[in-house]
Structures are given as C-alpha cells and as structure tokens.
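Engineer:
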Amino acid sequence: MAILPILKFPDPVLKETSRSVERFSAELSIRVDGLLDTMRAMPGGIGIAAPQVGWTERVVIVDVSGHKKGGRQDNHGLLELVNPEILAMGGSQIIREGCMSVPDYTANVKRAQWVLVDALDRNGKQVIIESIGFEAVVIQHEMDHLDGILFLDRVTSLKTDLFRRKSYA
Ligand code: ZN
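So for the sequence shown, the numbering used here puts the first residue at 4; every next one is plus one.
(1) Just to check my reading of the structure: Leu-153 and Ser-104 have Cβ atoms closer than 8 Å, yes? What is that Cβ distance to the nearest angstrom?
(2) Within 8 Å: the Cβ of Phe-27 and any heavy atom of the ligand ZN?
(3) If I follow the unbroken alpha helix (DSSP H) through Leu-84, where does it start and stop?
(4) Considering only their Cβ atoms, is the gap separating Ile-97 from Val-118 smaller than 9 Å?
(5) What residue does the alpha helix (DSSP H) around Arg-99 start on, and which one ends it?
(6) Quick one: Cα of Val-63 to Cα of Met-146, how far?
(7) According to the Cβ coordinates, are Ala-115 and Gly-93 closer than 9 Å?
(8) Could you pull out every residue in the same chain whose Cβ sits closer than 8 Å to the Cβ of Glu-19, ignoring the five residues on either side in sequence?
(9) For Val-56 and Leu-17, which I take to be in contact (beta-carbon distance under 8 Å), what is that distance rounded to the nearest angstrom?
(10) Since Thr-159 and Lys-113 should fall inside the 8 Å C-beta cutoff, what is the C-beta to C-beta distance between them, to a whole number of angstroms?
(11) Which residues in the same chain have their Cβ closer than 6 Å to the Cβ of Phe-166, if we skip the five residues on either side of it in sequence?
(12) Using the C-alpha atoms, what's the distance from Ala-5 back to Met-36?
(13) When the Cα atoms are used, what is the spatial distance from Leu-31 to Ser-134?
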C-alpha cells in the first residue's frame, strides 16, 4: 500500500492542466495502484484524480459501488480511466459534492445527468462507458481535476450553494 498525501486547495498544482499519458508501462501501473490505494484509504473515497497527489497526468479513478447513495444506483464498480474524454453528455442534475482537496466545504453543483466516456485502461486498452446519475457526477468531478477545475469553480452562488462542513466523512 502506498498512501500518498493529498494536495489541498489552494495548492497551485490543482489549477494545472494535466498532460496525456503516453507510455503504458509497468511504472504507470504502479502509479495507478498508488492512486487507488490513496482513494481507498480516505473515508468516503469514491473518486480521485492524479493531480490531487501531484501527478499531473490524465488519470482518474472512480468507484461508487460502496457509497450509500451511489452504490444502489447503476454503476460500473471500479473504473480506472486514462486520458478520458467525454464524447457526449445530456440532461442535468444537482448533487451535493465534496472533494478530498477541499475538505472544509461541500457545495451543490449542476452537472450533466449522463455522460458517454472514451478512455483507456492502465494497459492502453480502450474503455467506452455510458454512465448515469451519481457515478456520472463523480466522473465529471474527477475529470475536471485534469483541467485544473475544482467543484468550487462550478458553484453558481457561493452564498446559497456552498456549505462548511465539520468533518470529512
Ligand atoms: Zn475532487
């Protein structure tokens, strides 16, 4: 297990645009495992993006299957998405979001209801998934990190949609 420290807002690395992964090597696989271990070590860890641990390449991990809300909805279990791109999206939903890099706040954020994502797995094999509901929100949230966007940047009204939280859970 390699648990990596999570960068916290306003660390400037969180504002960077990550670059595409080009080499699908054993080293990549080890780094993906480190990201996965770090996500799993966090209470309520349902998603993580590589830049959150200072690794500015386009890799995200999502797994909502153990979440009290997301686990009951349609989901794909563990998703490791390298160089993910959204091919299509539609609808809208507003869900309360949190982030390991912004531990003191949650916020209501408007996202697409569903997304069609084209990505690669850690071996460079193509993965195409259609995701809906809670899982789709987590995918959009994590992919935003690859472009230096935090959920705070998507809050419509800081006055009514942003909430301070007492503990991360
Ligand atoms: Zn986040």
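Here a beta-carbon is modelled for each residue, glycine too, at the ideal position from N, C-alpha and C. Just so we're clear, the structure is a prediction, and the values are computed from it rather than from any experiment.
Structural biologist: The short version:
(1) The residue you call residue 153 lines up with position 150 of the sequence shown. The residue you call residue 104 lines up with position 101 of the sequence shown. The pair is a contact, with the Cβ atoms about 7 Å apart (cut-off 8 Å).
(2) Position 24 of the sequence shown, counted from the start, is the residue given in the question as residue 27. No.
(3) In the sequence shown, counting from the first residue as 1, residue 84 sits at position 81. Per DSSP, Leu-84 belongs to no alpha helix (DSSP H); it is in the beta strand (DSSP E), 82-93.
(4) Indexing the sequence shown from 1 puts residue 118 at position 115. Indexing the sequence shown from 1 puts residue 97 at position 94. Result no, Cβ atoms of Val-118 and Ile-97 do not sit closer than 9 Å.
(5) Counted from its first residue, the sequence shown places residue 99 at position 96. No alpha helix (DSSP H) holds Arg-99; the beta strand (DSSP E) holding it covers 96-100.
(6) Translated into the one-based positions of the sequence shown, residue 63 becomes position 60. Translated into the one-based positions of the sequence shown, residue 146 becomes position 143. In a straight line, the C-alpha of Val-63 is about 7 Å away from that of Met-146.
(7) For the purposes of this step, residue 115 is taken as the residue at position 112 of the sequence shown. For the purposes of this step, residue 93 is taken as the residue at position 90 of the sequence shown. Their beta carbons are under 9 Å apart, which means Ala-115 touches Gly-93 by this criterion.
(8) Stepping through the sequence shown from its first residue, residue 19 is reached at position 16. Closer than 8 Å at Cβ, skipping near neighbours: Pro-54, Thr-59 and Gly-151.
(9) The residue given as residue 56 occupies position 53 in the sequence shown. The residue given as residue 17 occupies position 14 in the sequence shown. Contact doesn't hold; Cβ gap of about 11 Å is too wide.
(10) Along the sequence shown, read from residue 1 onward, the residue named residue 159 stands at position 156. Along the sequence shown, read from residue 1 onward, the residue named residue 113 stands at position 110. Right, their Cβ atoms sit about 7 Å apart.
(11) Sequence index remark: in the sequence shown, residue 166 carries index 163 (1-based). These residues qualify, in order along the chain: Thr-109.
(12) As a first step, residue 36 must be located in the sequence shown, where it is residue number 33. As a first step, residue 5 must be located in the sequence shown, where it is residue number 2. It is Asp, not Met, that sits at residue 36 in the sequence shown. Cα to Cα, the separation comes out at about 8 Å.
(13) Walking along the sequence shown from the start, residue 31 turns up at place 28. Walking along the sequence shown from the start, residue 134 turns up at place 131. Leu-31 and Ser-134: Cα-Cα distance of roughly 25 Å.
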